[in-house]
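Undergrad: Take a look at the following structure, please.
There are 2 protein chains.
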Amino acid sequence: MATIRDVAKEAGVSVATVSRVMNGSGYAHEDTKKVVMAAVEKLNYKPNEVARSLYKRKSKLVGLILPDITNPFFPEMARGVEDYLQQFGYRLIFGNSDEKRDKEIEYIDTFLQNNVVGMIASTSEEANENFDNLDIPVVLLDRTAEKLPAVYSDQKTGGKLAARVLLDRGSTNIVLIRGPVEIKPVYERYMAALEELKQAKVNVQVMDSSLTLQGGQTCVKQLFEQYPETDGIIACNDIVAAAALQEILKRGIRIPEDIQLIGYDDISFTALLHPPLSTIRQPAYEMGAQAAEMLIKRINQEKMEVTHKKLPVSFVERQTTRRKAEKT
Amino acid sequence: MATIRDVAKEAGVSVATVSRVMNGSGYAHEDTKKVVMAAVEKLNYKPNEVARSLYKRKSKLVGLILPDITNPFFPEMARGVEDYLQQFGYRLIFGNSDEKRDKEIEYIDTFLQNNVVGMIASTSEEANENFDNLDIPVVLLDRTAEKLPAVYSDQKTGGKLAARVLLDRGSTNIVLIRGPVEIKPVYERYMAALEELKQAKVNVQVMDSSLTLQGGQTCVKQLFEQYPETDGIIACNDIVAAAALQEILKRGIRIPEDIQLIGYDDISFTALLHPPLSTIRQPAYEMGAQAAEMLIKRINQEKMEVTHKKLPVSFVERQTTRRKAEKT
DNA sequence: AAGCTATGTGTAAACGGTTACACAAAAGTA
DNA sequence: TACTTTTGTGTAACCGTTTACACATAGCTT
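Spelled out as structure tokens, the structure:
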């Protein structure tokens, strides 16, 4: 790899001059510029970001921490972040935290050691303090904290909406599957749904499940044993909903006639299920992109009106819920 | 952030000594070590990777280029890579190429500018030359090239297997959905399946589709119009298979009685489909992990027996193919 | 006791950029 | 013309590490 010194020699100027024409900073004679650019071209010179980053004390790298890229909800978000940052020449250093505090800390540390300009993180509640004394901008994604800017979606409305959908469409024995309570957004949607259900005159049962397929399957199996009269299920996410759907089909229960089911997230394969799953949509890609936008504003020290951006969710009506007209 | 100089001052030694005790290189008196470590502890010193990387001309960063993290096949692979590298303290810089040459080149360049120690890439055929004159190790993932080490799966056996499955289970009017021919592994599995089918005395039709849901849907709709007598479909991947499944169900065709369907990849939601999709499994996570392992060996200049690692695929028998006993 | 080797430590030069500063020449102003 | 400002360029310090080298001292050998 050619260095700035090679270019300087080739062009017969000093390194300072090369640096100036490369960055368009300071003065440089038109003719000099040409000579330098020719040398750059000839040697295929690309400035070493590491050296630059060392002097400037900041790189063109952004750290991204997500719980688990293997969970279909997150790739969309990651892509949103990447696509947005990419336009501005920023690159992503990426890490899966598995919601584990140690891993988060480890990543934060190494990100810092690499002089990242900023970080975007879906971090667990308690780990927020890890970000507290950083002197680089951080934006939370899909999670919130008072002190940090954040982009997330309207879990409360989402939970409420899910409940409303089943209620409006006539379910009266509803099981609400609660995800892990430590995961704030999941807990919030649960609470909102629960509240909404309680105000209606229906039977409500709560069951616990992890966010994974396996967790969903065990949960759902139990569900039908304990509450065979169930005619409505609100799942904590689409994966668990898919598990429920499978169990429902296996038991020969008609859906949506005998039982209604609603998921959460609207991850891609949700439309491919049979019957296609009704769900509450979170705009994952958009969330990622907006978090990136916010981060860049922070980096550029632009003044920010809003630091907490709550994106709207929506009900995606498919075929595991009844048409509103045809209430039972 | 504390620097090595701060630590040196705090400990009352020179920076060289601090560096030596941090790295366990050269001599250092036991007492000195203690003093230094105490200072490190006190100041919470973490060496700046950027400076280190500048001097050493290599960082602890590995570049990863994948076509699209949003395609469920890749997160598994990415996770395999990450989990493996993470143990050795390497971090990932990540980029989506969308199979586009420019994007690949752009990422390769910036990765290089950041002094990555190595790269793992799922790159398009022609772009291989981009890696040619690099002086850092590269390993291809899910793709192959003569000159570069690679980890991939046995597409030929996979394609053949898919064909064999339908054949052995009695399909005689088979449609083979071919993915984009530019994507080598997809093309290979197609060719292998085609060959196998041709040797049998069955009707074979070929249709084209992209690898996306949308592409699959359009393709499949046409499929049934053009070849209503079809009793077996081999899809180029699971997503397209899912689209096919949906169309089959919509048309009220019985599966697997009237038609058999087999996918490719065994991405996670494949088991959640109804009926669960029979497919050819590629060990995506394992592929990622092995590519990482290979890369690390290269980085450490370890001698390598095999540079091209072909991982086995397997038939995952679910319910869109008939039991072998109950051939029609 | 003299001459080794092994141990312990510091100084300073890299690594590849950016930029403050100095200085010179050109251009503008009175 | 003499002075000021603008333009153009180079020198060298700096960013935070690592390491070659020099040097000093301790511990062994005879």
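Residue numbers (this note's numbering), protein chains in the order written: chain A, 39 to 366; chain B, 39 to 366.
Glycine included, every Cβ here is placed at the ideal spot set by N, Cα and C.
(1) Alpha helix (DSSP H) containing A/T195: first to last residue?
(2) Anything in chain A within Cβ reach of B/N275, meaning under 9 Å, just list it in chain order.
(3) Which residues mark the beginning and the end of the alpha helix (DSSP H) in which A/F111 is found?
(4) Cα separation between A/A49 and A/N86?
(5) Considering only C-alpha positions, which residue in the set A/R356, A/V351, A/M332 is nearest to A/Y122?
(6) Does the pairing of the segment 211-227 of chain B with the segment 267-276 of chain B give three or more beta-carbon distances under 8 Å?
(7) Are B/E137 and B/S162 closer than 8 Å when you measure CB to CB?
(8) Counting only Cβ pairs nearer than 8 Å, list the residues of chain A close to B/V88.
(9) Leaving aside the five residues before and after B/S352 along the sequence, list all residues of the same chain whose C-beta is less than 6 Å from its C-beta, in chain order.
(10) Once DSSP output is grouped into helix, strand and coil, what is the label at B/I291?
(11) According to DSSP, which residues form a beta bridge with A/Y303?
(12) For A/R139, name the three-state secondary structure that DSSP assigns.
(13) Out of B/L99, B/I42, B/R43, B/Y93, which has the shortest C-alpha to C-alpha gap to B/I337?
(14) I want to see whether chain A comes within less than 8 Å of B/R319, judged by CB atoms only; does it?
(15) Kindly say whether B/K84, judged by its beta-carbon, lies nearer than 8 Å to any beta-carbon of chain A.
(16) Residues of the segment 110-135 of chain A with a CB closer than 9 Å to any CB of chain B: list them in chain order, please.
(17) Check each residue of the segment 248-263 of chain B: if its Cβ is closer than 8 Å to any Cβ of chain A, include it; give the result in chain order.
(18) Does the contact criterion of 3 or more C-beta pairs under 8 Å hold for the segment 101-110 of chain B versus the segment 151-160 of chain B?
(19) Any idea what DSSP makes of A/L99, helix, strand or coil?
(20) Short of 6 Å in beta carbon distance, which residues of its chain neighbour A/N275, apart from the five on each side in sequence? Order them along the chain.
(21) Between the C-alpha atoms of B/K96 and B/A66, what's the straight-line distance to the nearest angstrom?
(22) Looking only at its own chain, which residues have a Cβ that is under 6 Å from the Cβ of A/N255, when we skip the five neighbours before and after it?
(23) Using 10 angstroms around the beta-carbon of B/M325, count the other beta-carbons present and answer buried if the total reaches 16, otherwise exposed.
(24) Please compile the residues from chain A whose C-beta is within a distance smaller than 7 Å of the C-beta of B/D170.
(25) Look at B/F112 and A/L130 and say whether their C-beta atoms are less than 8 Å apart.
(26) Could you list which residues in chain A have their beta carbon closer than 8 Å to that of B/G206, in chain order?
(27) Excluding the 5 residues preceding and the 5 following B/P350 in the sequence, name in chain order all residues of the same chain whose CB lies nearer than 8 Å to its CB.
TA: Quick answer:
(1) 193-206
(2) Simply none; closest approach about 13 Å.
(3) 111-125
(4) 18 Å
(5) A/M332
(6) yes
(7) yes
(8) V88, S91, L92, S97, Q151, N152, N153
(9) R319
(10) coil
(11) Per the sequence presented here, residue 303 of chain A reads as Asp, with Tyr not at that position. Bridge partners of A/D303: A/R319.
(12) helix
(13) B/L99
(14) no
(15) yes
(16) P110, F112, P113, E114, A116, R117, E120, D121, Q124, G127, R129, L130, I131, F132, G133, N134
(17) L251
(18) yes
(19) strand
(20) L249, Y302, D303
(21) 26 Å
(22) Going by the sequence as given, residue 255 of chain A is Gln instead of Asn. So the qualifying residues of the chain are A281.
(23) buried
(24) Those do not exist, as B/D170 stays about 14 Å from chain A at its closest Cβ, beyond 7 Å.
(25) no
(26) It is Asp, not Gly, that sits at residue 206 of chain B in the sequence shown. By Cβ distance, chain A contributes nothing, its closest Cβ being about 26 Å from B/D206, past 8 Å.
(27) S191, D192, T195, P321
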